[in-house]
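J.: Here you go, one structure.
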Amino acid sequence: PARRGGRTRSGARGAGRPRASPLSPGSFQPAAEPLGTTVLHAAVSTRPQPLPARYFDTGTTEPISFFLSGLEELLAWHPSSDDEFNVCAVPLAQRQPPLHSRRPRTLLCHDMRGGYLEDRFIQGSATRNPYVFYHWRYIDIFVYFSHHTVTIPPVCWTNAAHRNGVPVLGTFITEWADGEKLCEAFLAGGEDAYRAVSHQLARIAQHYRFDGWLINIENTLSAAAVGNLSPFLRHLTAQVHGAVPGGLVIWYDSILESGTLKWQNELNEQNRVFFDACDGLFVNYNWKEEHLERTRELSGQRHADVYIGVDVFARGDVVGGGFDTNKSLSLIRKYGLSAAIFAPGWVYEHLGAENFLQNEDKFWGLLEDYLPTHSICTLPLATSFSVGMGTGMFLAGKEEEAGPWYNLSAQEIQPLYPERRGWLSTSCCLQDAWCGGSSLRVQGTIPPGEERVAVRAPRPPPPPSAPSPTTCPLQDACCLQSRCPGLDQPVSALPAPCTPGMGGSPALLQLCPSASRCYEQELRGCSLRDLSLLVSRQQASPQETSFSCLLGELRVLDASSTAASPPQVQSLTASQLWWQDGPDAEQLSLSLTLRWAFPPGRAACFRVLSQGTRCHRAQPPQPQLLGLAHGCLYRAVGLAVPRPAPGQSCQLELLVEPVLPSELPVGPEHWGRLLLVYSEPAGGSS
Numbered sequence: 001p002a003r004r005g006g007r008t009r010s011g012a013r014g015a016g017r018p019r020a021s022p023l024s025p026g027s028f029q030p031a032a033e034p035l036g037t038t039v040l041h042a043a044v045s046t047r048p049q050p051l052p053a054r055y056f057d058t059g060t061t062e063p064i065s066f067f068l069s070g071l072e073e074l075l076a077w078h079p080s081s082d083d084e085f086n087v088c089a090v091p092l093a094q095r096q097p098p099l100h101s102r103r104p105r106t107l108l109c110h111d112m113r114g115g116y117l118e119d120r121f122i123q124g125s126a127t128r129n130p131y132v133f134y135h136w137r138y139i140d141i142f143v144y145f146s147h148h149t150v151t152i153p154p155v156c157w158t159n160a161a162h163r164n165g166v167p168v169l170g171t172f173i174t175e176w177a178d179g180e181k182l183c184e185a186f187l188a189g190g191e192d193a194y195r196a197v198s199h200q201l202a203r204i205a206q207h208y209r210f211d212g213w214l215i216n217i218e219n220t221l222s223a224a225a226v227g228n229l230s231p232f233l234r235h236l237t238a239q240v241h242g243a244v245p246g247g248l249v250i251w252y253d254s255i256l257e258s259g260t261l262k263w264q265n266e267l268n269e270q271n272r273v274f275f276d277a278c279d280g281l282f283v284n285y286n287w288k289e290e291h292l293e294r295t296r297e298l299s300g301q302r303h304a305d306v307y308i309g310v311d312v313f314a315r316g317d318v319v320g321g322g323f324d325t326n327k328s329l330s331l332i333r334k335y336g337l338s339a340a341i342f343a344p345g346w347v348y349e350h351l352g353a354e355n356f357l358q359n360e361d362k363f364w365g366l367l368e369d370y371l372p373t374h375s376i377c378t379l380p381l382a383t384s385f386s387v388g389m390g391t392g393m394f395l396a397g398k399e400e401e402a403g404p405w406y407n408l409s410a411q412e413i414q415p416l417y418p419e420r421r422g423w424l425s426t427s428c429c430l431q432d433a434w435c436g437g438s439s440l441r442v443q444g445t446i447p448p449g450e451e452r453v454a455v456r457a458p459r460p461p462p463p464p465s466a467p468s469p470t471t472c473p474l475q476d477a478c479c480l481q482s483r484c485p486g487l488d489q490p491v492s493a494l495p496a497p498c499t500p501g502m503g504g505s506p507a508l509l510q511l512c513p514s515a516s517r518c519y520e521q522e523l524r525g526c527s528l529r530d531l532s533l534l535v536s537r538q539q540a541s542p543q544e545t546s547f548s549c550l551l552g553e554l555r556v557l558d559a560s561s562t563a564a565s566p567p568q569v570q571s572l573t574a575s576q577l578w579w580q581d582g583p584d585a586e587q588l589s590l591s592l593t594l595r596w597a598f599p600p601g602r603a604a605c606f607r608v609l610s611q612g613t614r615c616h617r618a619q620p621p622q623p624q625l626l627g628l629a630h631g632c633l634y635r636a637v638g639l640a641v642p643r644p645a646p647g648q649s650c651q652l653e654l655l656v657e658p659v660l661p662s663e664l665p666v667g668p669e670h671w672g673r674l675l676l677v678y679s680e681p682a683g684g685s686s
């Protein structure tokens with residue numbers, strides 16, 4: 001089947017634009033199918049029932065992320081099978097140090113042009129030069145902000161943040177005269193009213209699997225309303241803690257204890273009651289050093305729970321924004337306080353899409369001295385460095401499909417991208433990739449007199465704080481895909497501090513294609529702390545040697561887990577069939593939702609493929625990729641299929657291939673298969 005006309009929205013490894021089968025319509029009877037194949041019979045109807053506009057794009061029926069407007073929509077919300085696409089599929093990765101360590105933190109508050117832009121398309125889009133964020137190693141908390149009453153973070157952001165160990169908060173906001181009325185309704189209305197709101201907010205975070213809320217009340221409150229504000233925050237915080245492991249509620253500095261709307265730019269006795277009722281305070285942006293000094297003194301042991309706001313757009317009387325944001329960060333860290341960086345999309349909005357990646361790396365590079373980093377501490381640690389966008393789709397080093405794509409759910413674990421310092425720089429390369437849309441470019445020089453330089457790769461799981469055991473039975477296999485033209489020596493990978501040896505276990509050999517360099521290391525009495533990429537020349541030279549390498553993939557695996565047999569995709573079904581005429585008289589356009597079952601946490605993603613459409617017996621074509629799914633469901637949109645002749649039937653075959661975190665290939669016998677046998681209804685009326 002072919003996608004129907006116009007712009008194609010794509011997944012991480014290609015949405016594909018396979019062409020419709022050229023076979024003429026005719027009689028077809030499906031033969032006996034392999035065990036595990038689902039056969040579904042459907043009658044064509046080009047007058048389908050509309051899908052709910054909240055969850056699906058009205059023009060294409062693509063699944064979309066959404067918000068809630070007003071108190072009525074919030075209180076009426078309940079889980080629905082139609083919103084399953086919005087449920088985060090990626091658990092929050094464990095990290096070191098943990099979020100609740102006492103070091104100062106960094107909160108990022110994303111606010112761009114009202115929100116819900118191209119990021120609302122859950123399965124991605126064909127956007128050229130989109131905004132992406134990928135500096136997760138610097139970030140402790142991510143907030144998705146908009147001016148809708150209840151901002152539910154688009155699931156692509158939650159997937160990307162969780163994969164990099166960063167919790168995600170939505171926003172509950174009230175503003176202006178409408179906000180006063182809303183607050184009167186649920187705060188001045190008494191205990192039952194505000195408890196109903198807090199209960200719903202906790203349920204929403206739990207259902208969509210994000211991690212809590214930023215509460216932003218920016219309107220005056222009556223005496224009755226402000227009297228219930230602290231109890232509301234306490235109840236909401238308790239509800240979120242009970243519903244979401246590690247859940248958070250953060251209060252924005254706007255309301256005084258009296259109910260007056262007046263930003264304080266600090267923690268003080270007039271707003272402390274709200275800070276005491278939740279997990280943290282997001283301080284307004286127009287502060288000076290004396291505000292920080294007073295805040296640090298009053299916050300005491302909770303100083304890391306105070307997030308000092310920094311508006312990157314530098315609106316109002318601020319210390320620094322734009323490329324001077326480091327001036328603000330320097331003062332905040334001087335007093336041991338956390339920072340809340342608001343609207344870092346300034347880089348994209350102010351400087352434009354051209355050279356965005358370079359400008360983005362420059363912006364965060366200027367801040368890196370003030371941004372403590374964290375590491376992922378779970379295995380497998382696997383990344384092909386995709387930032388969730390690309391100018392083409394790559395698989396195993398080959399371009400599957402040319403053309404722009406954008407899907408943050410497909411973003412993988414990210415390294416640091418420091419500004420060039422001396423002999424080394426790292427950056428994102430969109431021109432070539434091993435898998436997805438980008439690779440990691442490593443550029444620099446080998447200094448005069450040196451044989452090699454070491455480039456530190458993304459950190460593997462760090463050791464525990466307790467002393468290492470005498471025996472560590474974990475075996476780690478490390479695979480690197482690299483391209484380094486023009487060097488005398490290839491790139492090598494050395495897990496440190498242990499000396500690697502070439503492994504020969506069947507599981508390791510199966511994991512390593514010819515382009516890989518693989519190492520198997522049994523750790524005894526030691527811990528794997530760092531991975532380094534060594535770039536070397538045959539011998540030292542009085543001249544410096546420049547180099548540029550593309551690192552395509554890095555995997556650190558527990559070798560013992562690679563021997564397990566992969567699970568079977570089960571219960572593959574299709575629903576919400578949407579037939580339309582065209583794109584020409586002999587074709588139909590079909591959209592449908594696929595659902596299946598697979599053990600939680602066992603798949604990194606699923607490749608959804610088409611085996612083509614047949615209207616009489618013929619050898620099936622090669623499977624063609626439709627897109628990626630990050631949970632156990634996928635909506636195929638605008639597939640062009642042959643129109644069956646009256647009284648005859650055609651067959652569309654769809655496949656679901658699980659991709660394991662180890663990326664061990666899964667044989668077709670473990671895939672899900674669905675045969676859709678379709679025909680015109682009796683009498684030819686549709």
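Note that full-length UniProt numbering gives residue 601 to position 601 of the sequence shown, counting from 1, and the numbers run on in steps of one.
In this text, a Cβ means the ideal position worked out from N, Cα and C, and glycines have one as well.
#1: Name the residue from Phe133, Leu201 and Pro623 whose alpha carbon lies nearest to the alpha carbon of His241.
#2: For residue 699 versus Ala604, is the C-beta distance shorter than 8 Å?
#3: Taking DSSP as the reference, what is the three-state secondary structure of His616?
#4: Can you name the start and end residues of the beta strand (DSSP E) that Lys398 belongs to?
#5: Are the beta-carbon atoms of Leu40 and Leu655 separated by less than 8 Å?
#6: Would Cys109 and Ala340 be called neighbours here (beta carbons separated by less than 8 Å)?
#7: Using 10 angstroms around the beta-carbon of Asn284, count the other beta-carbons present and answer buried if the total reaches 16, otherwise exposed.
#8: I need the straight-line Cα distance from Ser330 to Thr60, nearest angstrom please.
#9: Whole beta strand (DSSP E) runs in the segment 306–379 with 3 or more residues, listed along the chain?
#10: Quick check on this structure: which residue in Gly365, Gly552, Ile173 and Asn228 has the alpha carbon closest to the alpha carbon of Tyr417?
#11: In the DSSP assignment, find the unbroken alpha helix (DSSP H) run with Thr158 in it and report its ends.
#12: Using the three-state DSSP reduction, which class does Trp136 fall into: helix, strand or coil?
#13: Since Ser589 sits in a beta bridge, which residues does DSSP pair it with?
#14: Please determine, among Thr46, Gly247 and Gln358, the residue with the shortest C-alpha to C-alpha distance to Arg203.
#15: So what does Phe172 bridge to, in DSSP terms?
#16: I believe residue 744 touches Ala196 by the beta-carbon criterion, under 8 Å. Please report the beta-carbon distance rounded to the nearest angstrom.
#17: For His350, count neighbouring Cβ atoms within 10 angstroms of its own Cβ and tell me buried if that reaches 16, exposed if not.
#18: Less than 8 Å between the beta carbons of Asn159 and Cys88, yes or no?
#19: Distance, Cα to Cα, Pro344 vs Leu533?
#20: Kindly indicate which three-state DSSP category Tyr208 falls into: helix, strand or coil?
#21: Any idea which residues DSSP pairs Val244 with across the strands?
#22: Looking at C-alpha atoms only, which residue of Ser546, Glu553, His616 and Tyr335 is the closest neighbour of Pro415?
#23: Can the beta-carbon of Gly388 be found less than 8 Å from the beta-carbon of Val132?
#24: Using CA atoms only, rank isn't needed, just tell me which of Tyr370, Gly212, Ser222 and Arg452 is closest to Gln543.
#25: To the nearest angstrom, how far is the alpha carbon of Gly486 from that of Glu520?
#26: Quickly, what does DSSP pair Thr426 with across the bridge? List them, please.
#27: Which residues in the same chain as Thr593 place their Cβ atom closer than 6 Å to its Cβ, once the five residues preceding and following it in sequence are excluded?
#28: If you compare alpha carbons, which of Leu267, Gly320, Thr106 and Arg617 is closest to His291?
#29: Between Ala177, Leu531 and Ala645, which lies nearest to Leu261 when the distance is taken from Cα to Cα?
#30: Residue range of the beta strand (DSSP E) that Thr295 falls in?
#31: If you run the structure through DSSP and keep just helix, strand and coil, what is Ser575?
#32: DSSP three-state call for Tyr144: helix, strand or coil?
#33: Under the three-state reduction of DSSP, which class applies to Pro97: helix, strand or coil?
#34: Which partner residues does Asn549 have in the DSSP bridge list?
#35: Compare the C-alpha of Gly397 against each of Ala43, Gly436, Gly582 and Ser425 and name the closest.
#36: Does the pairing of the segment 401–416 with the segment 128–144 give three or more beta-carbon distances under 8 Å?
T.: On the basis of the coordinates in this document:
#1: To locate residue 241, count along the sequence shown from 1; it is residue 241. It is Leu201.
#2: It is not possible to answer for residue 699, since the shown part of the chain is limited to 1 through 686.
#3: By 1-based counting over the sequence shown, the position of residue 616 is 616. Here His616 sits in coil by DSSP.
#4: The residue you call residue 398 lines up with position 398 of the sequence shown. Lys398 to Tyr406 is the span of the beta strand (DSSP E), which, as asked, contains Lys398.
#5: Counted from its first residue, the sequence shown places residue 40 at position 40. Counted from its first residue, the sequence shown places residue 655 at position 655. Going by C-beta atoms, Leu40 is not nearer than 8 Å to Leu655.
#6: One-based indexing of the sequence shown puts residue 109 at position 109. One-based indexing of the sequence shown puts residue 340 at position 340. Cβ distance < 8 Å, so Cys109 and Ala340 count as in contact.
#7: Sequence index remark: in the sequence shown, residue 284 carries index 284 (1-based). That one is buried.
#8: Within the sequence shown, the letter at position 330 stands for residue 330. Within the sequence shown, the letter at position 60 stands for residue 60. Taking the straight line from one Cα to the other gives about 48 Å.
#9: 306–311 and 338–342
#10: For the purposes of this step, residue 417 is taken as residue 417 along the sequence shown, with counting starting at 1. Comparing Cα-Cα distances from Tyr417 to each of Gly365, Gly552, Ile173 and Asn228, the minimum goes to Gly365.
#11: The sequence position of residue 158 within the sequence shown is 158, counting from 1. Its alpha helix (DSSP H) spans residues Val155 to Arg163.
#12: What you label residue 136 is simply residue 136 of the sequence shown in a count that begins at 1. It is helical.
#13: Sequence index remark: in the sequence shown, residue 589 carries index 589 (1-based). Answer is Gln580 and Ala640, bridged to Ser589.
#14: The count along the sequence shown starts at 1 and reaches residue 203 at position 203. For the residues Thr46, Gly247 and Gln358, the minimum Cα distance to Arg203 belongs to Gly247.
#15: Translated into positions along the sequence shown, residue 172 becomes position 172. Answer is Val150 and Ile215.
#16: An answer regarding residue 744 cannot be provided, because it is not within the stretch 1 to 686 covered by the chain.
#17: Sequence index remark: in the sequence shown, residue 350 carries index 350 (1-based). It counts as exposed.
#18: The residue given as residue 159 occupies position 159 in the sequence shown. The residue given as residue 88 occupies position 88 in the sequence shown. Yes, the pair counts as a contact, with Cβ atoms nearer than the cut-off.
#19: Residue mapping note: residue 344 aligns to position 344 of the sequence shown, counting from 1. Residue mapping note: residue 533 aligns to position 533 of the sequence shown, counting from 1. Those two C-alpha atoms are separated by around 31 Å.
#20: Taking the first residue of the sequence shown as position 1, residue 208 is located at position 208. Looking at Tyr208 - three-state DSSP - the assignment turns out to be helix.
#21: Indexing the sequence shown from 1 puts residue 244 at position 244. Its beta-bridge partners do not exist; DSSP assigns none.
#22: As a working mapping, residue 415 is identified with position 415 in the sequence shown. Here the closest residue by C-alpha is Glu553.
#23: Residue 388 sits at position 388 when you count from the first residue of the sequence shown. Residue 132 sits at position 132 when you count from the first residue of the sequence shown. Yes.
#24: Locating residue 543 in the sequence shown gives position 543, where the first residue counts as 1. When each option's Cα is compared against that of Gln543, the closest is Arg452.
#25: Taking the first residue of the sequence shown as position 1, residue 486 is located at position 486. Taking the first residue of the sequence shown as position 1, residue 520 is located at position 520. The pLDDT assigned to Gly486 is 44, lower than 50, so where the model puts this residue is not dependable, and the model offers no usable value.
#26: Counted from its first residue, the sequence shown places residue 426 at position 426. Paired residues: Val442.
#27: Counting from one through the sequence shown, the residue named residue 593 turns up at place 593. Correct list, in chain order: Ser575, Gln576 and Arg635.
#28: To locate residue 291, count along the sequence shown from 1; it is residue 291. Checking every option, the nearest Cα to that of His291 belongs to Leu267.
#29: Sequence index remark: in the sequence shown, residue 261 carries index 261 (1-based). Of the candidates Ala177, Leu531 and Ala645, the one whose C-alpha sits nearest the C-alpha of Leu261 is Ala177.
#30: Reading the sequence shown from its first residue, position 295 is the one you call residue 295. No beta strand (DSSP E) holds Thr295; the alpha helix (DSSP H) holding it covers Glu289 to Ser299.
#31: What you label residue 575 is simply residue 575 of the sequence shown in a count that begins at 1. Strand at Ser575.
#32: The residue given as residue 144 occupies position 144 in the sequence shown. Three-state DSSP puts Tyr144 in a strand.
#33: On the sequence shown, position 97 is the one that residue 97 refers to. The answer is coil: DSSP assigns Pro97 none of H, G, I, E or B.
#34: Counting from 1 along the sequence shown, the entry for residue 549 is found at position 549. Reading the sequence as shown, one finds Cys at residue 549 and not Asn. Per DSSP, Val442.
#35: In the sequence shown, the residue the question calls residue 397 occupies position 397. Nearest of Ala43, Gly436, Gly582 and Ser425 to Gly397, Cα basis: Gly436.
#36: yes
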